[in-house]
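Numbering (the working numbering), first residue to last: 561 to 783.
Where is the CB? At the ideal position from N, CA and C, for every residue including glycine.
Here the structure is a predicted model, which means the values were calculated and not measured.
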Amino acid sequence: VYAKVYDAWIQIVLPDGTPLAYTPVEVAGIGTLETDSDGTIYLKQLIEGTYHLTVTEWKGITYTPAILDTSVEISASRTYTVEVTNAGRLVVKVVGGTKQGLPGAEVAVMKDSVVVARGVTGADGTWSVMLPSATYTVTVDYKGFTGEKSASVPTNGGEVVVELSTDVFIELFGVAMTFSQFILWIVVAIIIILVLAIIIHEYHVWRRKRMPQLFGATRPTKP
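1. Closest to Lys671 by C-alpha separation, out of Asp727, Tyr763, Ile601, Ser712, would be which residue?
2. Beta-carbon within less than 7 Å of Ala683's beta-carbon, same chain only, minus the 5 sequence neighbours each way: which residues are those?
3. Could you tell me the alpha carbon to alpha carbon distance between Val642 and Gln660, rounded to whole angstroms?
4. Can you list the beta strand (DSSP E) stretches of 3 or more residues lying completely in the stretch 660-747, in chain order?
5. For a test of the three-state rule: what should DSSP assign to Val765, helix, strand or coil?
6. Near Glu633, what residues of its chain come up, given a Cβ to Cβ distance below 7 Å and the 5 sequence neighbours on each side ignored?
7. Using alpha carbons as the reference points, say which of Glu666, Ala626, Tyr562, Tyr763 lies closest to Gly704.
8. Excluding sequence positions up to five away, which residues of its chain have a Cβ less than 6 Å from the Cβ of Asp576?
9. Just to confirm, are Val655 and Ser740 a CB contact at a threshold of 8 Å?
10. In terms of residue numbering, what span does the beta strand (DSSP E) encompassing Tyr566 cover?
11. May I ask you to list the residues that DSSP assigns as paired with Ile621?
12. Based on Cα-Cα distance, which residue from Trp766, Ser710, Asp567 lies nearest to Thr697?
13. Based on Cα-Cα distance, which residue from Gly620, Thr614, Ser597, Asp567 lies nearest to Asn646?
14. Drop a sphere of 10 angstroms on the beta-carbon of Ile753, count the other beta-carbons inside from all chains shown, and report buried for 16 or more, exposed for fewer.
15. Using the three-state DSSP reduction, which class does Val644 fall into: helix, strand or coil?
16. Contact check, Leu603 vs Ala636 under 8 Å by CB: the rounded distance?
17. How many Å lie between Ile746 and Glu723 at the Cα?
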């Protein structure tokens, strides 16, 4: 009895094409192999047929239901691409007190207290990442102003948008301020201006008293 055998490269990707890198994949009847940086596992001399693939762990975290639970038909020596359907896109929008987008905010996505993704918001205050479907904790930090919110990532490449609001009203000289801090800054600036005006006025008064010959009437000369 002869059986056809093939070498197979199985690449596992998220819905946007991102490789599921360095992730353990259980191949039924063979064992567990870890994907490389391209999300690929190599299976040598497989007998032609159907092989079941299961992925339940990613970045050290166990997912329930499984991230991937599917079969692939091996019929030739080539690369087989398998898409994870149990995944979706998380979009994080960081806004200030007037709903303005805040660029440069640091974003961290956590599951079971483990950071699974990090990023920085763009010019419009948003940042996105494709993740296995699950509930995550999203935290943001914008120049000392922080926020946190829970988000559930959908399946089949769906998208969820999470908006995190901060009290940032305006930014002056690189310093983020709340509305009350901005008002306080204005009040302090006005006080400083008034104090300087009083000092200048008092200086001129003092100068007139100390040097009358420069500002007052000159002494008449003898005939």
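Quick look at the numbers:
1. Ser712
2. Take Ala683, set aside five residues on each side of it, and the residues of its chain with a beta-carbon closer than 7 Å to its own are Pro663, in chain order.
3. 40 Å
4. Along the length of the stretch 660-747, whole beta strand (DSSP E) runs at least 3 residues long occupy 666-671, 674-680, 686-692, 695-702, 705-712, 719-725, 730-732, 735-737, reported in chain order.
5. helix
6. Thr610
7. It is Glu666.
8. Closer than 6 Å at the Cβ level, and outside the excluded window around Asp576, lie Met690.
9. no
10. 565-573 is the span of the beta strand (DSSP E), which, as asked, contains Tyr566.
11. Trp618
12. Ser710
13. Thr614
14. exposed
15. Coil.
16. 13 Å between Cβ atoms; not a contact.
17. 30 Å
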